[in-house]
Structure formats: structure tokens, C-alpha cells
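Each residue of the sequence shown is one higher than the one before, counting from 1 in full-length UniProt numbering.
Glycine included, C-beta positions come from ideal geometry on N, C-alpha and C.
As the structure is a prediction and not an experimental result, all values here were calculated from the model.
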Amino acid sequence: MDRKARSKPMRYILNRLLMHGDFEIVIFGDKTILDEEVENWPGCDFLICFFSGGFPLDKAIAYTKLRKPYCVNNVVMQSLLWDRRVVLSVLDAIGVPTPPRLVISRDDGAKVDPEAASAFKSCTGMDMDRVLARYATNTESIHIDDHYIEVNGERLEKTFIEKPADGENHNINIYYSEKRGGGGRRLFRKIGNKSSEFDPDLKTPHDQGSWIYEKLMETENCEDIKLYTVGPQFVYAETRKSPTVDGHVRRNTDGKEIRYRVKLTQEEEDIARKVSKAFGQTVCGLDILRVQGKSYVIDVNGWSFVKGNDFYYDQCAKILKEIFYRSVQERPLSLADHIPPEISPENSWRLKGFVAVFRHGDRTPKEKMKMSIMEQPFIDLLQGSTREVVFRQKHQLESVMQALDVCLENCPDEQQMNKLLALKEVLEKKHDLPGTKVQLKPKFDRETKKLLKVQVIVKWGGEFTHAGRHQSKDLAENLRKDMNILNRQVLEDVKIFSSSERRVRDTAQVFARWFLGDPETLEGVISESKYLLDDSNAAKEQSDAVKKQLKNLLKPGNNIPEWMLAQVGWDAKLPQPYIILQEVSEMMTRMQFIMRDNWSTLDVDNIQRRWCCFDSPNLFKERWERMFRQFTNEDAGFSYPDPSAIPALYDSLKYDSLHNRTFLETIFGHPEDSNNDLLRKLYRNVKIMFDFVAPQEFGISDNEKKNIGMLISFPLLKSILNDLDEMQFSDNPRTRLYFTKESHVHALLNLVYLSGVPTKVPKNTLPELDFLTQITFELYERNRQEKEYSLRIGFSSGAHYDSVLDLKMDAEHCLKVAPRRNLIPHLSLEEVLTYHKGYLNVPNLKSIEEQIEERRLYYAQEDDQ
């Protein structure tokens, strides 16, 4: 399946094989595997094939019989791993130690496919019926007691582990003895930072279904060991914290579980080789426990990779290359000599075009200050423009400060003077910071067209960070590897478009360099497109109306209907949103007190040794004090915050959790809160509210989402549709990439979902659109009697992790980008384009395009930078 075949570890290994120049990689892809008969699957000499959820193993077996490629892992024997009773029986037969156990069968016993049994006998010389005899029928005698279970006269006392016989079911229970406090622990596939949870009411084992009961063994250092084989001569191993301990998963900045390489004993290496051979799996994973000097196997996983280890990738690719060469020598006639032309690689589904829209990489928090003014010096700065004007270069900002000085000299009103002084103070402090800009928005009377006021907005922050550079480079290199194995020709015609914002341009430049293999120059590759990708005010009225609705929805005491909450993916276990917003406000009041108290008693300059991104203790305090003012009221003790302030608070919390973790946890630390529970609860609640507020700022109803989406992202959508049309008829594969801001990605995503195209993933289940979020369009072509075209739309939530405070940070301060998910199945290009081209025929299209053009931002004359 694509999810596995194009995973990062697989890409790393396949790209190493490609470097040798003797191999061509053909990814069969979900469309071929799921939709095509095996007679139409591509021909190949060597097959890497392994079972995962949804994979049709029966079709893969039929394919190997038909085409007879060399199989790295025996395909037929992979079904042996589906039943834990079969796995344990095989381990017993080959003399591999496992924990003491009892087995209860209520499904007529374990069964093995005859072909798998025959293949097993070929590998081991053993008869599967004899191996499996112990568990081949229903269990005759079962007695379940509060303290033990008894099976056919054998007793196992608590504490024990209960595992489903079904090898694909990972919901495992531990039942504790009274001596260990009773109750139980539920183990499951990792969800966020949890792999298990304690349940005091979990006391009685299942009385239905088939189960394996194993003694809970006390392991060394509370760790288990994961072994990875590549053939009989190479075994790699690493330790991890056992999920039976507390269920808390330790993760690094990649979001991967923290593991450490470990040296194996000779006995453990022999165990790995025996397991790999007995199950016919050259590349194989297994889990072992070390208990009082002995090692026990607790699970066999089949095809498994080490994650994020170049040494392992190098060795794996090297060994696979040697295996392939050796198989060719043993079978000199290449299958390529007699593969029918219609299933040759060049006539199979191949990537013809790739289009992607990216949000920029990690940035510093964005901040702003607003005020309205009618003084002549600011009217003069507009130079007669009736549109919003943006000033962002140093000499332009100086002209704004000069206008302020003139206003202050002639200002008779004390209140207005105080506002002007506050504005001047901000500009004096921030004008040297990269990214600072001033926006002047003239407001006119609709009837008389008379100028009523000029709104002045100072914005600073939002600058590309060192983490953003690392993220962009890493994503570019990985996408390049992906394109390499799909069709390296798409890298030969690449065009990249960027908005004019500095952080977006920087993201595009770093990405382009590494996506294209670090060329000498990027000249002609990146184009700036303000029209497609920059901010505009086209949807301002609609967005303001939606924000007003949100504010009303979150008023104290307002219970939002359940159907509306379900529509946005609100967890039914949570209280009403307004209650959580009130809790946020209360926590911010407490944290303001804690920060000020710590500021007066701690040596703040020595809390954190290094600061990045032009930050400092004073700038940290200044930023947080501004947020406190939005969420607290010192006189009343509590205030109801505007929900539009939630994204900025979440932004700062996440930024400081990544870049200023030590300072954040110290300055908000309290002697009675050693684990920073208040900070962690604030983060959780703000994240919950952000997930509610942020997507809905682009429309609450479908009609609002469509209208706002069209006003923000219609030009971009139109350009993408044009790209796909051109790619279909071009002679050569192409890549087109667009880099922009969060607003454009939200708007475009809404248009995709509202187009009517069938989707696999409900929109309300998607995570936040974090830095380097992507929406991708993959165009595939197949050359048969007539050319066929298929399109798939994908999505990645970018450099995202739900609980950043639980991650162990390194000096890069960098979250890695999440892999892409398929939003739609493979559909014909014509079908997908038809859905989306409906936007080209909406009745009010002309007025939409006029509004987009009229509301474009106007930039004051800029020098070349």
C-alpha cells in the first residue's frame, strides 16, 4: 500500500538502491493493488511485498504465482502472523523461549492456509498440523477466578497479560493481582503520547472470544527490546520504555518514540535468525524481554523498519542489493525479457504531474497594534490611494515615524496624543526587527466617498526561524526521494511560486534548493505571485461577520447545539466551548500572577542560556503581558475574552514550548506545581479552543466557507486546474509548487471539500493546518491502447504534534512534517476536474473576480532587497 511503500524508511532504502544505477523502482500503488486484476499489475524481477491493514494478500499471492518474481519476504507465509496462537506454536517448535502462557480458544482453534503450511514445511521441514496440534481445537476446560485463570487443569495467577488471538488486534489487557493493587491496564496502538491507561474496574478476563494469557514478566530497566533482521547475518536492536509501565510514550522532535540502540547477546541474535527463517521473512521485526539473564520473544511483527537511522538504512540497502544480485546469478534469465509489453514499467501507472500548495515553515509569533487616525501626515502617506497601503522597508517605516512626529507636534487632544505616543513607542522598538510593517487602511463613506479615517496597523514578528529552515530542507529532501521512486522525470520541469511575504519566500527558497538537489543557482525556478498567493481584503466583510458569529456563539452561558458541535468535530466528552474559554481566562489570570512573582524573585537573565530568533527575556515578558491583557481584567478579576485572541495565544504557547521551553516552564513554574500541570492544562485547553475557532474563521456554514474560499483562493484554484490540464497533454512530466500563508490553505481546503468530490477523510477529523501543511495533487498516467489519467488529492498537517510540551527538544527546536494522507481515492482526472471546475461557472463569478482585483493590497514603492 502507498502508505507503507512510500513511508520515510522505505524511501530512504529505495533511494539508496537507486543510487547504484542497476535498479528501477516501480511502486504498484493503491489504485493498481486495489482496483486492478493481478494480470494488469506491473511486471518485476524482485518483489517487496508485505501485509498491512487493507492489503489484499490473496491478490499478492496470485501475482507471485503468475509472474514468479523473487520475493524478499515469502508472501504466502505472511498469513502465519495473523494468529498469535500460530506464531507461538512456531516459536515453540523452533525452540525460541516465550513467557509462560495459557491459551483459550472458542473459535474451533487456530487454522493455517494449506499453501502457507506447505511453504512453512519447505522452510523448516516441519509439519504444520503437528506444530499447531495443541491449539487446533476449542479449549475443553476453562475456569476464570478473581485471582487466576485455569485452562485444562493448568493455572495462571494474576498478574497476567491478555492478548487477542487475532494478530491484527492490538488491544491488550493486563490484570493486576491484589498484591499489586488490583484493577488493570489497557494497552493499545499509540495514540499521541499514550500507549496504555490504567482502569481500576478492569478485573475479569473476557468470557467470549479466543485469548492468550501470559505471565507479566518484570523486565530489566522496565524496557523491552525491538529486533530488526535483514537476512540471516544482520540484526539491529533498540530499547524502548515498555508500555506496561505507565503508558506514557517518550518522543523526540520527530514525534517518534525515543529509543536507544542496544547490543544483543549471541543467544538473542540466534533467536532473530531462527524467527526470520521459520516465518520466511527476510526483513522481520520481533519484540523480546530480558528477564533475569534470559530473553523471551513476546511478538513477531513481520516486515518492520528501524526509523530514522542511516546506519540501518545503509546496511538494509546493501544487503538487499546483494540478495538481488545473487538471485539474478541463480536465475540468469531476467523476467523483463518475457514481461508482456502492456505490463512493463513504462506502460504501468506512473506519476505524470505533481502540484502542491504549502503553508510556510516555522515562524516567530505575529503581533500587531491598531489605531484609527485622521491627521494629515498619514493621509499624505496614502499618496491618493483608495486602497490599503503597506510599508515594510526600513526607509518607509522611517517616513511613518516622521509622520507620527509631525502629528505629535500639532496634537491638541491628550487622549489622542497618548495613542500616538504608544504607537511611536512600538515603532521605535520594532522598526529594526525583520518583518515589521505598517498597513494604512483608508475608510470612506459609502455614499459620499468622503474619507472618514485611516486605520493604522503595526505588525511585527512572523519571521522565518532556524526550525523553519530545518523543516523545509527535511521536507524537500523527503519529497525529492518520493519523486525519485515514483518518476524522477517530474524533477526535470519544476516551477515554484511564492507570495511576497519574507517568511514564505524564505521557505520556498530553502525548499527549492534541496528539492532540486542543491543546484548552483535557483534562477528562473521561483516566481513571486502576489495575485495568487498574497493577502487581500477581498473577504474582509465576510470574515468579520463570521468572527462576530463566533463571538456570539462563545458568550458565557450559550450552549451550542450538539449537532453543530458534532459538525466541527467537538469531543462529546468535553463541556461547552464557552466553559473551556472561561477556564482559559481564569488560568491566564493565575499565570499572570505567577509570572510577575517569578520575575521579581528570579534571575531571569540566567534562566535560559541561549535565545534564538531575536528573542530575549524582556521581549518574552512584553509578548505575554499583551496576551494577559486580552484574557484577564485586573480590576474585575475575570473577563470574557474575544475568541479571535485564541489563535495568537496558541501561537505563542506553541512557539515558546519549542524555542523557549526552559524559560517557559521556569517563569510559569510554582513550588506547588512541580510538573507544570497548570501550564500543561492551559496548553490543552487553548489547543481545544484553537481547533474550534481557527477553521471556523473561514466560515461556519458551508455557504460561508464557499464564499470566503472563493474570495481568498479562487485565483489559486484556477491556476491549479490549469496546471493539471496542461500536465495531461504535455509530453513530459511536470511539478508545480505554490508557497503561501495559512489563510490560503484553509480557503483552498474548504473549496476541495465543498466541490462534491468523494473524500475518504471527514474534514472535521483533520488536525490543525500547521507550518508546512500541504495539499497535493498527484496526476498519474497509463499508456495502454488509449492513455488513461488518474488523480489523487493528498493532505499533510505539516510540522504538527498535539502535545508539544511532551516532546523532548533538541537545538533545532524543530517538529518534523507529518506524512501525507489521501483525501480522495484514485479517481479519473476528468471526474475530479469536473467537480472543481464547477467553481468556474458559479453565477456571480464576475463579481467575485472584480472584488478580488479591487481588494488587492497595494505596496508602497519598494527598493530591490
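Item to check | For K741 and E388, believed in contact at Cβ under 8 Å, the rounded distance | outcome: 16 Å between Cβ atoms; not a contact.
Checklist entry - How about I824 and I793: are their beta carbons less than 8 Å apart? => result yes
Checklist entry - Straight-line CA distance for S472 to I560? => result 40 Å
Checklist entry - Under 8 Å, do T32 and L47 count as touching if we go by C-beta distance? => result no
Checklist entry - So N732 is in the beta strand (DSSP E); what residue range does that whole segment cover? => result Neither: N732 is in no beta strand (DSSP E) and is coded neither H nor E.
Checklist entry - Are there 16 or more other CB atoms within 10 angstroms of the CB of Y176, so buried, or fewer, so exposed? => result buried
Item to check | Under 8 Å between C-beta atoms of L381 and V400 | outcome: yes
Checklist entry - Any heavy atom of the ligand ZN closer than 7 Å to the Cβ of D673? => result No copy of the ligand ZN appears in this structure; indeed no ligand is present at all.
Checklist entry - Do the CB positions of K443 and L452 come within less than 8 Å of each other? => result yes
Item to check | Element boundaries [beta strand (DSSP E), containing M369] | outcome: 366-373
Next on the checklist: On the CB-based measure, 16 or more other CB atoms within 10 Å of its CB, does D635 come out buried or exposed?
Outcome noted: Residue placement at D635 is flagged as unreliable, the pLDDT there being 47, under the threshold of 50; the coordinate-derived value follows with that caveat. So D635 counts as exposed.
Next on the checklist: One question on the structure: do G231 and L81 come within less than 8 Å of each other, judged by their Cβ atoms?
Outcome noted: no
Next on the checklist: Using a 10 Å radius around the Cβ and a threshold of 16 neighbouring Cβ atoms, would you call T776 buried or exposed?
Outcome noted: buried
Next on the checklist: Quick check on the DSSP output: what are the complete beta strand (DSSP E) runs of length 3 or more inside the stretch 153-199, in order along the chain?
Outcome noted: 154-157, 160-164, 172-175, 184-191, 194-199
Checklist entry - Under 8 Å, do residue 876 and V38 count as touching if we go by C-beta distance? => result The first residue shown for the chain is 1 and the last is 865, placing residue 876 beyond what the model contains.
Checklist entry - So what does K706 bridge to, in DSSP terms? => result Bridge partners of K706: none, in fact.
Item to check | Beta-ladder partner(s) of F444, from DSSP | outcome: L451
Checklist entry - Looking only at C-alpha atoms, which of Q439, E463, N173 sits nearest to Q455? => result Q439
Next on the checklist: Short of 7 Å in beta carbon distance, which residues of its chain neighbour A539, apart from the five on each side in sequence? Order them along the chain.
Outcome noted: I708, L711, I712
Next on the checklist: Excluding the 5 residues flanking A199 on each side, which residues of the same chain have their C-beta closer than 8 Å to its C-beta?
Outcome noted: Reading off the sequence, residue 199 comes out as Asp, not Ala. The residues are G183, G184, R185, R186.
Checklist entry - What residues in its chain sit with their C-beta under 7 Å from that of R6, if we drop five residues either side in the sequence? => result I27, D482
Next on the checklist: What would DSSP say about V400, mapped onto helix, strand or coil?
Outcome noted: helix
Item to check | Enclosing beta strand (DSSP E) for Q774 [first to last residue] | outcome: 774-783
Next on the checklist: Let me check understanding here. Comparing Cα to Cα, which of I174, R189, Q208 lies closest to D201?
Outcome noted: I174
Checklist entry - For residue 873, which three-state DSSP category applies? => result This structure cannot speak to residue 873, because the chain is shown only from 1 to 865.
Next on the checklist: From the DSSP secondary-structure annotation, give me the bridge partner or partners of V389.
Outcome noted: L440, Y858
Next on the checklist: If I measure Cβ to Cβ from D691 and keep anything under 7 Å in the same chain, skipping five residues before and after, which residues do I get?
Outcome noted: E768
Item to check | Span separating the alpha-carbon of F305 from that of K621 | outcome: 45 Å
Next on the checklist: Does S585 come out as helix, strand or coil in the three-state DSSP assignment?
Outcome noted: helix
Checklist entry - How big is the Cα-Cα spacing for D723 and L845? => result 20 Å
Next on the checklist: Distance check for L815 and L748, CA to CA, integer angstroms please.
Outcome noted: 24 Å
Next on the checklist: Among Y839, M587, N487, whose alpha-carbon lies nearest the alpha-carbon of V757?
Outcome noted: Y839
Checklist entry - What are the start and end residues of the alpha helix (DSSP H) that includes R505? => result 502-515
Checklist entry - Under a three-way DSSP split, which group does A237 fall into? => result strand
Checklist entry - Where do the N-terminal and C-terminal ends of the beta strand (DSSP E) with E214 fall, by residue? => result 211-215
Checklist entry - Helix, strand or coil for H431 per DSSP? => result coil
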